[in-house]
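Going line by line, the protein sequences match chains A and B.
Sequential numbering from 621 applies to the first sequence in our numbering.
Sequential numbering from 17 applies to the second sequence in our numbering.
Heads up, the beta-carbon is just placed ideally off N, CA and C, and yes, glycines get one too.
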Amino acid sequence: MENKKAVLSIQDMNIKFSLRGQILHAIRGVSLDIYEGECLAIVGESGSGKSVLTKTCMGLLDKNGFIESGHIMYEGKDLATYKTDKEWEKICGSEIAMVMQDPMTCLNPLKTIGWQIEESLRYHSNLNKEERKKRVIEILTDVGITEPERRYKQYPHEFSGGMRQRVAIAIAVACNPKILICDEPTTALDVTIQAQILELIRNMQKKYNLTTVYITHDLGVVANVADRVAVMYAGDIIEVGTSREIFYEPKHPYTWALLASLPQLGIKGEELSSIHGTPPNLFLPVKGDAFAPRNPYALAVDFEYRPPYFEVSPTHKAKTWLLDPRAPKIEPPKVLEMIKNMERVGGVLGG
Amino acid sequence: MADKKEILLEVKDLHVSFGRGKSLFEAVKGVNFNIYKGETFGLVGESGSGKTTIGRAIIRMYPTSGGEVIFNGQKINGKISKELDKDVIHNIQMIFQDPMASLNDRAKVSDIVKEGLINVQKGLSEKEQQERVDKALLDVGLLPEFASRFPHEFSGGQRQRIGIARALIMEPSFIIADEPISALDVSIRAQVLNLLSKLQQERNLTYLFIAHDLSVMRFISDRIAVIEHGKIVELAPTEKLFAHPLHPYTQALLSAIPMPNPDLEQNKKVLVYDESVHDYSSDKPEWIEIEEEHFILANKKEASEYRERLKTL
Ligand SMILES: Nc1ncnc2c1ncn2[C@@H]1O[C@H](COP(=O)(O)OP(=O)(O)OP(=O)(O)O)[C@@H](O)[C@H]1O
Ligand SMILES: Nc1ncnc2c1ncn2[C@@H]1O[C@H](COP(=O)(O)OP(=O)(O)OP(=O)(O)O)[C@@H](O)[C@H]1O
Ligand SMILES: [Mg+2]
Ligand SMILES: [Mg+2]
């Protein structure tokens, strides 16, 4: 990323939910710039806030949720101040589009595939009927659906899971959005089909000059698609850097733990490194570093004060007191060295 | 793995089909494998390839339409005596794919865990039952106090542990684990894998481990069978399979495994499996041992090609 230009800039975001009289602090002060043309991956365990953060940028925050403070800057406007559906209409779908984990949630089982892609064009563009159909066939071809003329007239149940996900991507890119958010789009798919969808997303990114945000908990997938990686824990981005920085030089103990628990780093017959305990209860205030109770490297200060970002490089920063100049020098777990020296399996493959 | 390999389970030319007449569908089309006592035998393949069906046919949840399942030297598929049926229930337990869906949300944890036990051991007193439940919960790292709670009060990893406790209480010798970690969050997958390994070592358990994630398979399995469309296409000790996969389908699966290394991932070439590479019109495929402990589905022409390739390694 040379001349970096942020297309979307999230600043000091705090998002809360009210639930049966209690308040849950789901996003706790997140700042994040998303650069033009990049693919940014957001990783973190279930409940860390990946979906809430990204859905908020499209005006899809659940009704019981609210932005307590913060800004979402997009083309000079602050989306955090948008209140009505009317305001969001111009953004959601046409400027920022989303692909979900389960394509069936966004496909209507009673309408043909062609109708559904066209619907989004009818809504967001001023093409006439004929032009729309032409465009739909073109997009279906783009997402790798063969015989698009025939497929156009079929219904979702006539498609396999992988093909439905291609259609969901087709719907999302139909209106030429600037930003494409993919929320776990391949978790439900087989590895070989997953690899194809990832390749498709990369191609679409190039072809349509898309900025992509890719949400996942699968670090193998992250290594495949991402230029940069943001690691979320308990409603905060605790480390962000280029893909190489996160995989080869991670700094936050939570990132260490995530990487170390990968079965790819496991040695047969030995225990796999695992993260003990549970993430903090976000109904209660979090004191200090939210990861401290589960962190074998926690310092006394971690239980008292929340760490700020420490800059590791111009592109890499992490919220951990271990990076404070006064902190003791702690080496990352030895197993992480395996990552750099990994080789592809099946030596004779493709040879 | 045991030093002297003793066969615990033999599956011979197993067929399983669903429906009848016009809608007859053969999900498992004649598979063969042995599982040795004390080992972890992995079964991988894509969605719909027949993995769960094989597991369910072994524990007699699905009837078989051909072939034999032999456990401890006894045939256990088809019609068997009540006595043997009870024996099978005791000895072979299954851990299910989705911990969220497989536990009855309105039943207390203690009732869930002891359900299978009281079905086969009718005479147990309340106290004995409770002792067994407490022990099973402790075995999987849960507190006995949890027994009176309900499944929805637990995290995904804890729920999967409840599923494992329910299997362990039967004191089985053989466990079929059907995708036991796929539905779990990254941070708890390692815990459940470690728990399964620990239990195996302590009790000399044998596992049939079903998954589609080959990196998990490599870590946990001693041997791996690759299934495609109801047929096992290759079977080998794990490291052999990873070092020199022979069948083009296995090669495609291995080429797609995501690795946590950006340089490898961004330069990877995913192989696409094309069934039409096999010409089985006259030279029919057979299940052959191509090298020691390495089986493959191939016809004569392919087999000689594979042998040639093995010589060059
Ligand atoms: N409508 C809602 N009401 C109350 N709490 C909510 C609501 N939506 C989300 N949350 C809470 O906000 C937090 C973040 O949720 P989010 O869905 O963003 O997690 P995630 O990182 O996407 O997890 P996953 O990997 O499981 O999708 C969680 O604690 C969740 O329970
Ligand atoms: N009870 C059933 N009735 C009819 N067809 C079935 C039944 N169970 C499975 N099948 C079919 O048999 C085939 C194999 O299914 P199975 O569940 O064994 O696949 P699997 O390999 O376990 O897949 P997954 O990875 O998705 O769990 C599929 O085509 C499936 O639709
Ligand atoms: Mg989510
Ligand atoms: Mg299955």
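Query	Result
Using the beta-carbon count (16 or more within 10 Å), is Lys960/A buried or exposed?	exposed
Can you tell me whether Gln109/B is buried or exposed, with buried defined as 16 or more other CB within 10 angstroms of its CB?	buried
Run the CB neighbour count on Val125/B, radius 10 Å, all protein chains shown included, and call it buried at 16 or more, exposed below.	buried
Tell me the DSSP bridge mates of Phe170/B?	DSSP output for Phe170/B lists no bridge partner at all.
Thinking C-beta only, is Val763/A closer than 8 Å to Leu820/A?	yes
Taking Gln137/B as the reference, give the member of Met186/B, Arg325/B and Lys256/B with the closest Cα.	Met186/B
With a threshold of 8 Å on Cβ separation, who are the neighbours of Ala330/B within its own chain once the five nearest residues in sequence on each side are excluded?	The first residue shown for chain B is 17 and the last is 329, placing residue 330/B beyond what the model contains.
So Ile628/A and Lys636/A are supposed to be a Cβ contact under 8 Å. How far apart are they, rounded?	Per the sequence presented here, residue 628/A reads as Leu, with Ile not at that position. About 21 Å separates the two Cβ atoms, so there is no contact after all.
Output the boundary residues of the beta strand (DSSP E) element that contains Asp155/B.	Run containing Asp155/B: none in the beta strand (DSSP E); it sits in the alpha helix (DSSP H), Glu142 to Asp155.
Sort Asp155/B, Ser81/B, Lys67/B and His106/B by Cα distance to Arg36/B and report the nearest one.	Ser81/B
Do the CB positions of Arg835/A and Asp856/A come within less than 8 Å of each other?	Sequence inspection shows Ile at residue 835/A; the Arg mentioned does not correspond to that position. For Ile835/A and Asp856/A, no; Cβs fall outside 8 Å.
Ordered along the chain, which non-local residues of its own chain (more than five positions away) have a Cβ less than 6 Å from that of Ala18/B?	A caution first: Ala18/B carries a pLDDT of 44, below 50, which makes its placement in the model unreliable, though a value can still be read off. Correct list, in chain order: Lys53 and Gly54.
Specify, as a first and last residue, the run of the alpha helix (DSSP H) that Tyr265/B falls within.	Pro264 to Ala272
Rank Leu270/B, Gly66/B and Ser118/B by C-alpha distance to the C-alpha of Val32/B and give the top, closest one.	Gly66/B
Give me the pocket residues for ligand 2, defined as CB within less than 5 Å of any heavy atom, sorted by chain position.	Phe34/B, Ala43/B, Ser63/B, Gly64/B, Ser65/B, Gly66/B, Lys67/B, Thr68/B and Thr69/B
Cα separation between Arg848/A and Ser213/B?	35 Å
Taking C-beta to C-beta, are Ile10/B and Leu230/B nearer than 8 Å?	Not covered by the structure: residue 10/B. The range shown for chain B is 17 to 329.
Shorter than 8 Å from the beta carbon of Pro927/A to some beta carbon of chain B?	no
What is the DSSP secondary structure of Met678/A, counted as helix, strand or coil?	coil
Beta-carbon separation of Val811/A and Ala272/B under 8 Å?	yes
To the nearest whole angstrom, what separates the beta carbons of Asp194/B and Ile226/B, a pair I think is in contact under 8 Å?	5 Å
Let me confirm a value: Lys624/A is counted as buried when at least 16 other C-beta atoms fall within 10 Å, else exposed. Which label applies?	exposed
What residues are listed by DSSP as bridge partners for Thr831/A?	Ile799/A
Can you give, in chain order, each stretch of the beta strand (DSSP E) that sits fully within the stretch 744-775 of chain A and has at least 3 residues?	none
Please list the segments of the alpha helix (DSSP H) lying wholly inside the stretch 48-135 of chain B, counting only runs of 4 or more residues, in order along the chain.	67-74 and 98-107
What does the alpha-carbon distance come out to for the pair Ser651/A and Ile687/A?	14 Å
Quickly, what does DSSP pair Pro253/B with across the bridge? List them, please.	Arg239/B
Would Phe190/B and Leu59/B qualify as a contact pair, given that the criterion is a beta-carbon distance under 8 Å?	no
Given that Pro274/B touches chain A, what residues does it touch there, using C-beta distances under 9 Å?	Val811, Gln814, Ala815, Leu818, Asp838, Leu839, Gly840, Val841, Val842, Ala843, Asn844 and Gln884
Quick check: does the Cβ of Gly667/A come within less than 7 Å of any heavy atom belonging to ligand 1?	yes
Just verifying my parser: in three-state terms, what is the DSSP assignment at Asn684/A?	coil
Are the stretch 247-266 of chain B and the stretch 296-309 of chain B touching, with three or more C-beta to C-beta distances below 8 Å?	yes
State yes or no: is the beta carbon of Gln207/B nearer than 8 Å to at least one beta carbon in chain A?	yes
Whole angstroms are fine: how far does the CA of Leu287/B sit from the CA of Pro79/B?	36 Å
Let me confirm a value: Leu699/A is counted as buried when at least 16 other C-beta atoms fall within 10 Å, else exposed. Which label applies?	buried
Taking the Cβ atom as the reference point for each residue, do Thr56/B and Ile312/B lie within a distance shorter than 8 Å?	no
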